[in-house]
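Colleague:
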Amino acid sequence: MAENAETKPNFFPEIGKVVDEAAKHPETEVVQAAADDDERAVQEIESLCMKCYQQGTTRLLLTSIPFFKEVIVMSFRCEHCGFQNNEIQSAGTIRPEGTVYTVRILSREDLNRQLVKSESCTVTIPEFELTIPPHRGQLTTVEGLLRDVATDLSGDQPLRRVENEAAYNKIQAIIDNIKAVLADNEDEEDDKDESGRVQRAADRDAPMKPFTVRLDDPAGNSFLEFVGSMADPKWNLRTYRRTRQQNVDLGLVAPDAEPEPTVVQEDQIGGGLEGENEEIYVFPGSCSSCGHKSDTYVKKVNIPYFKDILIMSVNCDLCGYRDNEVKSGAAISPKGRKITLKVEDKEDLSRDILKSESCGLAIPEIELVLQPGTLGGRFTTLEGILDQVYEELSAKVFNDAKTDDGAFEKFLSKLKAVKAAEHPFTLILDDPLANSYLQNLYAPDPDPNMTTEEYERTWEQNDDLGLNDMKVEGYEGDPNLPQNQTEQNTAEQKSEAPAS
1 MAENAETKPN FFPEIGKVVD EAAKHPETEV VQAAADDDER AVQEIESLCM
51 KCYQQGTTRL LLTSIPFFKE VIVMSFRCEH CGFQNNEIQS AGTIRPEGTV
101 YTVRILSRED LNRQLVKSES CTVTIPEFEL TIPPHRGQLT TVEGLLRDVA
151 TDLSGDQPLR RVENEAAYNK IQAIIDNIKA VLADNEDEED DKDESGRVQR
201 AADRDAPMKP FTVRLDDPAG NSFLEFVGSM ADPKWNLRTY RRTRQQNVDL
251 GLVAPDAEPE PTVVQEDQIG GGLEGENEEI YVFPGSCSSC GHKSDTYVKK
301 VNIPYFKDIL IMSVNCDLCG YRDNEVKSGA AISPKGRKIT LKVEDKEDLS
351 RDILKSESCG LAIPEIELVL QPGTLGGRFT TLEGILDQVY EELSAKVFND
401 AKTDDGAFEK FLSKLKAVKA AEHPFTLILD DPLANSYLQN LYAPDPDPNM
451 TTEEYERTWE QNDDLGLNDM KVEGYEGDPN LPQNQTEQNT AEQKSEAPAS
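Sequence positions in the sequence shown follow full-length UniProt numbering and run 1 to 500.
1) Look up Arg-322 in the DSSP assignment and give the residues it is bridged to.
2) Using a 10 Å radius around the Cβ and a threshold of 16 neighbouring Cβ atoms, would you call Phe-283 buried or exposed?
3) From the DSSP secondary-structure annotation, give me the bridge partner or partners of Thr-381.
4) Residues in the same chain with beta-carbon distance under 7 angstroms from residue 501, minus the five sequence neighbours each way, listed in chain order, please.
5) According to DSSP, Ala-180 sits in a beta bridge with which residue or residues?
6) Please name the residue or residues paired with Ala-362 in a DSSP beta bridge.
7) In angstroms, rounded to a whole number, what distance separates the CA positions of Leu-467 and Leu-361?
8) Any idea which residues DSSP pairs Ser-328 with across the strands?
9) Does DSSP classify Gly-98 as helix, strand or coil?
10) Looking only at C-alpha atoms, which of Asp-184, Phe-76, Arg-77, Pro-424 sits nearest to Ile-363?
11) By the three-class DSSP mapping on this structure, what secondary structure does Lys-234 have?
12) Would DSSP call Ser-154 helix, strand or coil?
13) Considering Asn-302, what are the terminal residues of the beta strand (DSSP E) in which it resides?
14) For the segment 70–95, which segments carrying the beta strand (DSSP E) assignment without a break, of at least 3 residues, lie completely within its bounds, in sequence order?
15) Could you give the C-beta distance for Tyr-437 and Leu-354, rounded to a whole number, given that I count them as a contact under 8 angstroms?
16) So, helix, strand or coil for Val-343, using DSSP?
17) Going by C-alpha distance, which of Gly-373, Phe-379, Ser-350 is nearest Asn-302?
18) Are there 16 or more other CB atoms within 10 angstroms of the CB of Asp-36, so buried, or fewer, so exposed?
19) Using 8 angstroms as the cut-off, can you tell me whether the segment 238–249 makes contact with the segment 223–230, which would need three or more C-beta pairs spanning the two stretches below that distance?
20) Between which two residues does the beta strand (DSSP E) containing Lys-117 stretch?
21) For Asp-217, count neighbouring C-beta atoms within 10 Å of its own C-beta (all shown protein chains included) and say buried if the count is 16 or more, exposed if not.
22) Does Pro-207 have its Cβ less than 7 angstroms from a Cβ in chain B?
23) Restricting to Cα atoms, I'd like to know which of Cys-52, Ala-420, Thr-124 is closest to Asp-345.
24) With a 10 Å radius around its C-beta and 16 neighbouring C-beta atoms as the bar for buried, classify Tyr-53 as buried or exposed.
25) Determine the burial state of Arg-322: buried for a count of at least 16 other Cβ atoms within 10 Å of its Cβ, exposed for fewer.
26) When you compare each of Lys-51, Thr-93, Thr-58 to Glu-70 by their alpha carbons, which one comes out closest?
27) Cα-Cα, which of Asp-308, Arg-214, Gly-137 is closest to Arg-104?
28) Arg-244 lies in the alpha helix (DSSP H); which residues open and close that run?
29) On the DSSP bridge list, what partners appear for Gln-138?
30) With a CB to CB cut of under 8 angstroms and the five nearest residues on each side skipped, what residues in its chain are close to His-292?
31) Less than 7 angstroms between C-beta atoms, sequence neighbours within five positions excluded: which residues of the same chain meet that for Val-264?
32) How is Gln-461 classed by DSSP in three states: helix, strand or coil?
33) Do Ile-309 and Gly-329 have their CB atoms nearer than 7 angstroms?
34) Hey, how far is the Cα of Gln-89 from the Cα of Asp-110?
35) Thr-452 and Ile-339 look like a contact to me (Cβ under 8 angstroms); what is the Cβ gap, rounded to whole Å?
36) Spatial neighbours of His-80 within its chain, please: C-beta separation below 6 angstroms, excluding the five flanking residues on both sides.
Following this line, the structure appears as structure tokens:
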């Protein structure tokens, strides 16, 4: 078996090795040499040109991208009319989950990051208000993607200026932002590559506004390159479960297939724990993002060895907005609770965690402190809460902090190391209302890595929570009477009560 594994041909060599091999030989020699071998590096087939309807040539290259997967790079060229086209397709299977790659572009060196965009991928740049819908696959860089967008949008601008000036101004603003990032120096003489495309020298010293590139691919077949390792603070990967409509669009589910009942789709509300109350309540409402009708799902869940909670979820089918929140379903605890967990390995990252909106979170090893109210109420895993913390902080840090000498990037690198459990760290949950929970893997026995401490709330904490102003006695007065009259009647009732 070992010999067969060693002699098995590699149909998908790494793309770096293919480029190095092509650089050693002229293009004609590479193709000619490949034609004499059984394992052909570049496959050529005749194809119909959709411009002049003559026979052109499609070249196929099977290669693999490091830390990603196998892909097929296709290049078409027609010798009759000069039309050419490039495309990329995944050679692997569709992933069980969708992926979202996010990269913060802070300098022009980041424009050289490799980018794989599949035909099902949506690219967004929020700072430019730019969304590129799913289209043909593409293997390029961030800079190449921006140049293609600027070229495509500029083509019809003269016509838009006449027919729709408002659309012209909107699109022109996007083009200007892209050109400011590319900073092409038009004073220098243009260079042309082998294919005749104009290559302008970019002024790398010109100031650049930072922006974000986000790839959302339900099929999981897209990729954005990280620098060094996955601990790159500017790079982040998040996975998610596909919706039924996304499965239909990918051809995984028949359009006329009967959808699953709403009650079964507990992943929409973050459920999954068995409780006494399995019913899901639906409240009609409107989406806070687009304003259209969107239902709010509420479910009561009992967490073993803890208490009842209410999980609320909003999922807008029109704009895709999603939000989950957790509220306590029990009475206010008389004391606060502080939970301390010593995380030693990646298995601890799978612990369930309930962080209420009144809970603070801290990791002393990286000097991370989140005040109560940050992220709201969340019911997820420890890994999930750290992912949310990273996304929130990275978005704010890279947009707000410009001159910090790389301090925030170093902090985010430490946070990514914590996310991957590369070294032990301490997690502290401090909740004055004791509505937060961290799974005990040894329940009902004590967890050797976790300690729980109950404490008396201070007057300031009760005041912040509104407990000092809460009236639980003598509230039976007539609401139609003035406040002073109600208090007077209550005092008279107490004075007339017989002594016990």
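No residue lacks a Cβ here, since even glycine has one placed at the ideal position from N, Cα and C.
All values reported here derive from a predicted model rather than from experimental measurement.
Modeller: So, from the listed chains and residues:
1) Asn-315
2) exposed
3) Asp-352
4) Any answer about residue 501 is impossible in this case: the structure gives the chain only from 1 up to 500.
5) None; Ala-180 has no bridge partner.
6) Val-369, Ile-428
7) 22 angstroms
8) Ile-309
9) strand
10) Pro-424
11) coil
12) helix
13) 296–302
14) 70–77, 84–90
15) 4 angstroms
16) strand
17) Phe-379
18) At Asp-36 the pLDDT is 43, less than 50, meaning the model places this residue with poor confidence; the figure from the coordinates comes in the next sentence. Its Cβ having fewer than 16 others within 10 Å, Asp-36 is exposed.
19) no
20) 114–117
21) buried
22) This model lacks chain B altogether, as it is built from one protein chain only.
23) Ala-420
24) exposed
25) exposed
26) Thr-93
27) Arg-214
28) 244–249
29) Lys-117
30) Ser-286, Cys-316, Leu-318, Cys-319
31) Residue confidence is low: Val-264 scores 36 on pLDDT, short of 50, so the model does not pin down where it sits. No coordinate-derived value is stated.
32) helix
33) yes
34) 24 angstroms
35) 5 angstroms
36) Cys-52, Gln-54
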